[in-house]
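J.:
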Amino acid sequence: MRLKRRIAVIGLGYVGLTLAVELGRIGKVIAYDSNSSRISELKKGYDRNLEVEDNALMASNLQLTSDPEHLKNSDFYIIAVPTPLNIHRHVDFSMLFDATKLVGKSLKKGDIVVYESSVYPGATEEQCIPLLEKYSKLVCGASFAVGYSPERINPADKEHVLQNIVKIVSATDENTLQIISEVYSTIIKAGVFPVSSIRVAEAAKVIENTQRDINIGFMNDIAVMLHHLGIDTAEVIQAMKTKWNYIPFQPGLVGGHCIGINSYYLMHKAEEIGYYSNLILAGRQVNESIAKFIAVQTIKQLIYLGSGVKRARIAILGLTYKENCSDLRDTRVIDIIKELQSYGTELLIHDPIADASAARKYYGIELQSWEALDDLDAMIFTVAHQYYLNIDRDEIKNKLNHRGLIMDVKEIFNQQEFKDTGISLWRL
Numbered sequence: 001m002r003l004k005r006r007i008a009v010i011g012l013g014y015v016g017l018t019l020a021v022e023l024g025r026i027g028k029v030i031a032y033d034s035n036s037s038r039i040s041e042l043k044k045g046y047d048r049n050l051e052v053e054d055n056a057l058m059a060s061n062l063q064l065t066s067d068p069e070h071l072k073n074s075d076f077y078i079i080a081v082p083t084p085l086n087i088h089r090h091v092d093f094s095m096l097f098d099a100t101k102l103v104g105k106s107l108k109k110g111d112i113v114v115y116e117s118s119v120y121p122g123a124t125e126e127q128c129i130p131l132l133e134k135y136s137k138l139v140c141g142a143s144f145a146v147g148y149s150p151e152r153i154n155p156a157d158k159e160h161v162l163q164n165i166v167k168i169v170s171a172t173d174e175n176t177l178q179i180i181s182e183v184y185s186t187i188i189k190a191g192v193f194p195v196s197s198i199r200v201a202e203a204a205k206v207i208e209n210t211q212r213d214i215n216i217g218f219m220n221d222i223a224v225m226l227h228h229l230g231i232d233t234a235e236v237i238q239a240m241k242t243k244w245n246y247i248p249f250q251p252g253l254v255g256g257h258c259i260g261i262n263s264y265y266l267m268h269k270a271e272e273i274g275y276y277s278n279l280i281l282a283g284r285q286v287n288e289s290i291a292k293f294i295a296v297q298t299i300k301q302l303i304y305l306g307s308g309v310k311r312a313r314i315a316i317l318g319l320t321y322k323e324n325c326s327d328l329r330d331t332r333v334i335d336i337i338k339e340l341q342s343y344g345t346e347l348l349i350h351d352p353i354a355d356a357s358a359a360r361k362y363y364g365i366e367l368q369s370w371e372a373l374d375d376l377d378a379m380i381f382t383v384a385h386q387y388y389l390n391i392d393r394d395e396i397k398n399k400l401n402h403r404g405l406i407m408d409v410k411e412i413f414n415q416q417e418f419k420d421t422g423i424s425l426w427r428l
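For reference, each letter of the sequence shown is one residue, going 1 to 428 in the UniProt record's numbering.
1) Relative to the C-alpha of I294, which candidate in Q415, L428, M95 has its C-alpha closest?
2) Assuming I406 contacts M379 under a Cβ cut-off of 8 Å, what Cβ separation, rounded to an integer in Å, is found between them?
3) For T210 and N220, I'd like the C-alpha separation in whole angstroms.
4) Specify the secondary structure class of Y363 as computed by DSSP and reduced to three states.
5) Should Q416 be counted as a contact of the ligand GTP given a C-beta to heavy atom distance under 7 Å?
6) On the DSSP bridge assignment, give the partners of F193 in chain order.
7) Compare the Cα-Cα distances from T83 to each of C258, P130, Q178, V52 and report the closest residue.
8) Counting only runs of 3+ residues fully inside the segment 310-340, write out the beta strand (DSSP E) ranges in chain order.
9) Determine, using beta-carbon pairs with one atom in the segment 283-293 and one in the segment 230-238, whether at least three such pairs fall under 8 Å.
10) Using the C-alpha atoms, what's the distance from G422 back to N414?
11) Out of I247, A359, Y32, state which residue places its alpha-carbon closest to the alpha-carbon of L64.
12) With DSSP as the reference, label I26 as helix, strand or coil.
13) I need the straight-line Cα distance from V236 to G147, nearest angstrom please.
14) Is the CB-CB distance between V383 and T320 below 8 Å?
15) Go to residue 434, then tell me how far its alpha helix (DSSP H) extends in each direction, as first and last residue.
16) Thinking C-alpha only, which one of S185, K43, Y115 is nearest L23?
17) Which same chain residues, not among the five before or five after K101, have their C-beta less than 7 Å away from its C-beta?
18) My output table needs one value for H88: the three-state DSSP class, helix, strand or coil.
19) V9 bridges to which residues according to DSSP?
20) Taking its Cβ as the centre, do 16 or more other Cβ atoms sit within 10 Å of M267, making it buried, or is it exposed?
21) Indicate the three-state DSSP secondary structure (helix, strand or coil) for G16 in the structure shown.
22) Go to N401, then tell me how far its alpha helix (DSSP H) extends in each direction, as first and last residue.
23) For the putative contact between L96 and V81, defined by C-beta atoms under 8 Å, what is the C-beta separation to the nearest angstrom?
24) Take I153 as the anchor and find which of Q386, K205, G306 has the nearest alpha-carbon.
25) Below 8 Å, can you find three or more Cβ-Cβ pairs linking the segment 118-126 to the segment 155-169?
26) Could you compute how far the alpha carbon of L138 sits from the alpha carbon of C128?
27) May I ask you to report which of helix, strand or coil DSSP gives T382?
28) So, is N245 buried or exposed, given that buried needs 16 or more other C-beta atoms within 10 angstroms?
29) Report buried or exposed for S37, applying the criterion of at least 16 other Cβ atoms within 10 angstroms of its Cβ.
30) Are the segment 262-278 and the segment 332-346 touching by the rule of at least three beta carbon pairs closer than 8 Å?
31) For a test of the three-state rule: what should DSSP assign to S94, helix, strand or coil?
32) Can you list, in chain order, the residues of its chain with a C-beta nearer than 6 Å to that of I7? Leave out the 5 residues immediately preceding and following it.
33) Kindly list the residues whose CB is nearer than 8 Å to the CB of A190, restricted to its own chain and excluding five residues on each side of it in sequence; keep chain order.
34) Below 8 Å on the Cβ atoms is my guess for V103 versus I10; work out the distance and round it to an integer in Å.
35) Taking all protein chains shown into account, do 16 or more other C-beta atoms lie within 10 angstroms of the C-beta of L376, making it buried, or fewer, making it exposed?
36) For K243, count neighbouring C-beta atoms within 10 Å of its own C-beta (all shown protein chains included) and say buried if the count is 16 or more, exposed if not.
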């Protein structure tokens with residue numbers, strides 16, 4: 001099947017690039033990003049996010065550009081830019097608004113704009129459409145149409161990829177909904193799921209992530225409680241798994257560009273209409289406190305083992321927000337690092353996948369090589385990269401001092417692996 005529309009994808013991050021490459025397999029796609037360095041890398045066949053393989057990138061029929069003038073050759077625009085939080089944990093739509101203004105300047109009669117960025121219910125119609133109308137000097141519904149199809153990509157997940165994840169689609173009118181459905185159906189084998197309004201699609205996205213945030217928050221709360229009871233959480237979970245209706249959630253850090261952020265979007269809209277959700281807020285508070293809990297337990301374990309805290313050599317294993325993913329956005333590992341630094345410890349940060357230049361630029365962190373990790377008082381495994389799962393246990397033991405400590409945040413190890421070695425294992 002060939003594309004009937006002239007498509008432009010705006011924003012070539014984890015979401016936009018994957019989408020552009022798949023659409024580019026069946027037709028020409030204008031792939032735009034305002035970052036000219038990003039465009040230069042992609043033209044050379046290199047995706048620093050490691051989501052798209054080099055051969056797939058080069059084989060796709062993409063017109064990679066950072067020149068907004070090229071967008072005028074399109075009639076179907078897909079906006080997939082980040083919608084993060086600011087330092088005060090408030091919604092930051094600045095990149096979304098910039099992309100909207102850019103597209104607005106290129107809009108023509110009959111064009112369609114589809115948003116994939118995560119937003120709170122109502123944002124597309126209340127915030128984005130007025131901007132499109134202002135910068136295009138056209139009227140939505142009369143001259144152009146808008147749709148919303150929330151991105152559901154799970155970075156580093158090679159099983160649940162774009163093609164086999166059902167695509168929610170919505171639009172300002174039935175005809176546009178049909179066109180959008182047809183476009184996505186060309187690449188989505190799992191099919192599309194049309195909903196009655198843009199607000200329904202927006203709500204579905206943020207609520208599915210908020211639900212996960214709350215469930216992880218519950219498990220983090222339970223993990224802290226079980227710690228005080230002297231019960232191993234990982235063993236409890238293994239026992240729970242024997243029941244058919246067990247819901248698989250693990251305690252841990254909650255970061256990244258979706259789960260920990262979408263809850264704030266939902267709370268923002270709820271508070272705007274005068275509704276205050278105790279449950280959503282409680283889940284967020286627990287998840288935001290778990291990093292400090294891990295850091296404090298590290299200090300307590302070191303004291304218990306008779307190790308000095310000030311200048312203790314501690315390795316942090318994993319900086320990205322999730323396993324086997326290079327994304328450093330909103331990683332909560334940084335909270336553990338800051339807390340441990342306040343105790344005067346000497347920290348060595350290692351991550352086999354993270355971009356060293358990005359770690360330096362955004363967090364002021366110099367990533368260490370695996371070989372540089374030695375004479376350690378403690379190792380904190382914060383991210384379950386496959387790299388760490390594959391490392392020989394004797395190699396780990398050799399990096400630790402006698403009576404060394406392993407803090408296992410991601411249930412990488414079992415209790416028997418370091419038995420009778422003099423090494424203490426703590427699991428979240």
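A virtual CB, placed ideally from N, CA and C, is assigned to each residue, including glycine. From a predicted model like this one, the values you see are computed outputs, not experimental measurements.
T.: Let's see:
1) Translated into positions along the sequence shown, residue 294 becomes position 294. It is L428 whose Cα lies nearest to the Cα of I294.
2) As a first step, residue 406 must be located in the sequence shown, where it is residue number 406. As a first step, residue 379 must be located in the sequence shown, where it is residue number 379. Yes, I406 and M379 are in contact; Cβ-Cβ is about 5 Å, under 8 Å.
3) Position 210 of the sequence shown, counting from 1, holds the residue named residue 210. Position 220 of the sequence shown, counting from 1, holds the residue named residue 220. Those two C-alpha atoms are separated by around 15 Å.
4) For this step, residue 363 is matched to residue 363 along the sequence shown. Three-state DSSP puts Y363 in a helix.
5) Looking for the ligand GTP in the displayed structure turns up nothing, as the structure carries no ligands at all.
6) In the sequence shown, the residue the question calls residue 193 occupies position 193. Its beta-bridge partners are I168.
7) As a position in the sequence shown, residue 83 is number 83, starting the count at 1. Out of C258, P130, Q178, V52, C258 has the C-alpha closest to the C-alpha of T83.
8) 313-317
9) no
10) Taking the first residue of the sequence shown as position 1, residue 414 is located at position 414. Taking the first residue of the sequence shown as position 1, residue 422 is located at position 422. Computed Cα separation, rounded: 15 Å.
11) As a working mapping, residue 64 is identified with position 64 in the sequence shown. Among I247, A359, Y32, the Cα nearest to that of L64 belongs to Y32.
12) Start at 1 with the first residue of the sequence shown, and residue 26 comes out as number 26. Here I26 sits in coil by DSSP.
13) Taking the first residue of the sequence shown as position 1, residue 236 is located at position 236. Taking the first residue of the sequence shown as position 1, residue 147 is located at position 147. Approximately 45 Å between the Cα atoms of the pair.
14) Within the sequence shown, numbered from 1, the residue matching residue 383 stands at position 383. Within the sequence shown, numbered from 1, the residue matching residue 320 stands at position 320. It is a contact, given that the beta carbons lie within the stated cut-off.
15) What is shown of the chain runs 1 to 428, which leaves residue 434 out entirely.
16) On the sequence shown, position 23 is the one that residue 23 refers to. Checked all of S185, K43, Y115; the closest Cα to L23 is S185.
17) Against the sequence shown, residue 101 aligns to sequence position 101. Excluding sequence neighbours, K101 sits near L131, Y135.
18) Taking the first residue of the sequence shown as position 1, residue 88 is located at position 88. Coil at H88, not helix or strand.
19) Numbered from its first residue, the sequence shown carries residue 9 at position 9. Paired residues: A31, I78.
20) Residue mapping note: residue 267 aligns to position 267 of the sequence shown, counting from 1. Here M267 is buried: its Cβ has 16 or more other Cβ atoms, across all protein chains shown, within 10 Å.
21) By 1-based counting over the sequence shown, the position of residue 16 is 16. Looking at G16 - three-state DSSP - the assignment turns out to be helix.
22) If you number the sequence shown from 1, residue 401 lands on position 401. Run containing N401: none in the alpha helix (DSSP H); it sits in the beta strand (DSSP E), 400-408.
23) Position 96 of the sequence shown, counting from 1, holds the residue named residue 96. Position 81 of the sequence shown, counting from 1, holds the residue named residue 81. Rounded, the Cβ-Cβ distance is 6 Å, consistent with contact.
24) Position 153 of the sequence shown, counted from the first residue, corresponds to residue 153. Measuring C-alpha to C-alpha distances from I153 to each of Q386, K205, G306 identifies K205 as the nearest.
25) no
26) The residue labelled residue 138 in the question sits at position 138 within the sequence shown. The residue labelled residue 128 in the question sits at position 128 within the sequence shown. Distance between the alpha carbons of L138 and C128 is about 13 Å.
27) Stepping through the sequence shown from its first residue, residue 382 is reached at position 382. Looking at T382 - three-state DSSP - the assignment turns out to be coil, as it is neither helix nor strand.
28) For this step, residue 245 is matched to residue 245 along the sequence shown. So N245 counts as exposed.
29) In the sequence shown, the residue the question calls residue 37 occupies position 37. That one is exposed.
30) no
31) As a position in the sequence shown, residue 94 is number 94, starting the count at 1. Here S94 sits in helix by DSSP.
32) Reading the sequence shown from its first residue, position 7 is the one you call residue 7. Closer than 6 Å at Cβ, skipping near neighbours: L23, V29, F76.
33) Against the sequence shown, residue 190 aligns to sequence position 190. Taken in chain order, the residues that qualify are Q163, N164, I165, V166, K167.
34) Locating residue 103 in the sequence shown gives position 103, where the first residue counts as 1. Locating residue 10 in the sequence shown gives position 10, where the first residue counts as 1. Contact holds; Cβ gap of about 6 Å.
35) Translated into the one-based positions of the sequence shown, residue 376 becomes position 376. The residue is buried, with at least 16 neighbouring Cβ atoms inside 10 Å.
36) Residue 243 sits at position 243 when you count from the first residue of the sequence shown. K243 should be labelled exposed.
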